[in-house]
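Q: The opening residue of the sequence shown carries number 17 in our numbering; numbering runs sequentially from there. Using N, Cα and C, we set each Cβ at its ideal position, and we do this for glycine too. Remember, it's a predicted structure, so these values are computed and weren't measured experimentally.
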Amino acid sequence: MILLIRSSSSFCIERVIEHYNQRCFPNVAQTSLPSFHMILPPPNVTGNLHLGHALTVEWYPGFDHAGIATQTVVERQLFKEKGILGSQMLKDEFLQRCNEWKDIRINTITSQLKKTGASLNWNNTYYTMDDKFSSAVTLAFCRFHSDGFIFREKKLINWCPSLRSAISDQEVDTITVEGKSKVTPSLQSSSKKEVEVGVLHLIRYKLLNGVSSDPKYLEVGTTRPETLFADMALAVNPNDQKNCKFIGKSVKHPLTDKVLPVIGDEAVKIDKGTGILKVTPSHDFVDYDIAKRHPDIFGNNYLSCINEEGKLINAGKFDGIDRLEVKPKIIEELIFELVILLNQC
């Protein structure tokens, strides 16, 4: 091994390290807020670091398009500035708007990174929607599909009527409300107004083949009466001593002439509401899983009463009304039919 002799220089690495240890650690601001941890790719412990770990290593700065998240930000800006949605624009016009937003953000982020002193190779930046990256993603997807790792299957998804797109579970923000509350949904198709949520409505389904000791109606609690038109069954927990006797019987839909079966499934929570669940597979993940477990009852095609635009379908006179606006109208109809209990909880 050839040893390299240190040449005469005023630069002293030991002094630099000492200064670093004294002034640069800890490198996270002292705050009560949670910190973000980024892990350095760990070198193998088989030996010491060598020139190959740094001499020919370049740090390329990259920028991620962020998918639906960026689309949402651009949509909000459009709605704020012009009062329009991306779906009201031509595809090329909206993509151009997204590219303009991307260019502005990349320039700003680049300036910020340079100010932090990061030693990056600014001659070799990349963007995750570049042609090269997009082609690589397409190629990988095709390979995974041909190898059987990716396949098409009918499945319930998260759908945003404003974006007109499916969104992943990670991009869904769940809001927990305690009792009756009002929220303002973002990017409403009609107007930015408050919508009432968190109200459990008790709806009565007429029992068709009960015995003399049975009640005339089965009461079902729901916070989403706008999905009534996609009901396909009622369900109770087989371990529910109070309600299990209704398994195998039938009820009449409160707003249509449909006859719905009463089934048993352990997914129904005995202590929630009345212990009886209306099963709407097309509009609820729990209901969807219940339907998958009972193919003899539900088959493979589930009823739907809300379309991709968030408007009602297969709902008679309520067709075409936005699902955020139709709820009070359906409640009025239930009151008229005397099948909703006014003591809401």
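Judging by CA-CA distance, which residue of C176, R92, F157 and W175 is the nearest neighbour of K168?
A: Correcting the residue identity first, residue 168 is Arg in this sequence and not Lys. Comparing Cα-Cα distances from R168 to each of C176, R92, F157 and W175, the minimum goes to F157.
Q: Compare the Cα-Cα distances from F110 to each of V32, Q128 and V89 and report the closest residue.
A: V89
Q: Assign Y36 to buried or exposed, taking buried as 16 or more other Cβ atoms, counted over all protein chains shown, within 10 Å of its Cβ.
A: By the neighbour-count rule (16 or more Cβ atoms within 10 Å), Y36 is not buried but exposed.
Q: Determine the extent of the beta strand (DSSP E) in which E235 is found, giving its start and end residues.
A: Y233 to T238
Q: When you compare only the Cα positions, how much space is there between T72 and I166?
A: 37 Å
Q: Quick one: using the 10 Å Cβ neighbour count with 16 as the cut-off for buried, is D230 buried or exposed?
A: Classification for D230: exposed.
Q: Here's the rule: buried if 16 or more other CB atoms are within 10 angstroms of the residue's CB, otherwise exposed. What is Y76?
A: exposed
Q: Following the continuous beta strand (DSSP E) through L223, name the residue where it begins and the one where it ends.
A: For L223, the enclosing beta strand (DSSP E) covers residues H217 to L223.
Q: If contact is defined by three or more beta carbon pairs under 8 Å, each pair taking one atom from either stretch, is the segment 283–298 in contact with the segment 238–254?
A: Touching, per the Cβ criterion.
Q: Are the beta-carbon atoms of D305 and A331 separated by less than 8 Å?
A: Using a Cβ distance threshold of 8 Å, D305 and A331 do not count as a contacting pair.
Q: Do you know offhand how far E187's Cα is from G164's?
A: 26 Å
Q: Relative to the C-alpha of K265, which candidate in P241, V302, N225 and E235 has its C-alpha closest?
A: Checked all of P241, V302, N225 and E235; the closest Cα to K265 is N225.
Q: Near R180, which residues of its chain fall below 7 Å by C-beta distance, leaving aside the five closest residues on each side in sequence?
A: S103 and E324
Q: Determine the burial state of P58: buried for a count of at least 16 other Cβ atoms within 10 Å of its Cβ, exposed for fewer.
A: exposed
Q: Under a Cβ-count criterion, where at least 16 other Cβ atoms within 10 Å of its own Cβ denotes burial, should N259 be classed as buried or exposed?
A: buried
Q: Measuring only the C-alpha atoms, how far is F160 from A152?
A: 12 Å
Q: Return the Cβ separation of V213 and S197 in integer angstroms, given the expectation that the two are a contact with Cβ distance under 8 Å.
A: 6 Å
Q: Work out the CA separation of H299 and N8 for me, nearest whole Å.
A: This structure gives no information on residue 8, because the portion of the chain shown stretches from 17 to 361.
Q: Given the structure, does C321 come close to the ligand FMN, in the sense that its CB is under 7 Å from one of the ligand's heavy atoms?
A: Ligands displayed in this structure: none; no statement on the ligand FMN is therefore possible.
Q: Any idea what DSSP makes of I183, helix, strand or coil?
A: strand
Q: Return the CA-CA distance between E341 and H53, expressed in angstroms with no decimal places.
A: Using only the alpha carbons, I get a separation of about 44 Å.
Q: Would you mind stating whether T239 and L216 have Cβ atoms separated by less than 8 Å?
A: yes
Q: Tell me the residue span of the beta strand (DSSP E) that contains N174.
A: N174 to C176
Q: For T62, count the other beta carbons within 10 Å of its own beta carbon; 16 or more makes it buried, fewer makes it exposed. Which is it?
A: exposed
Q: On the DSSP bridge list, what partners appear for P277?
A: S266
Q: Using a Cβ-Cβ cutoff of less than 7 Å, which residues in the same chain neighbour C321 once the five nearest sequence positions on both sides are dropped?
A: T243, F245, A246, L328, I329, N330 and A331
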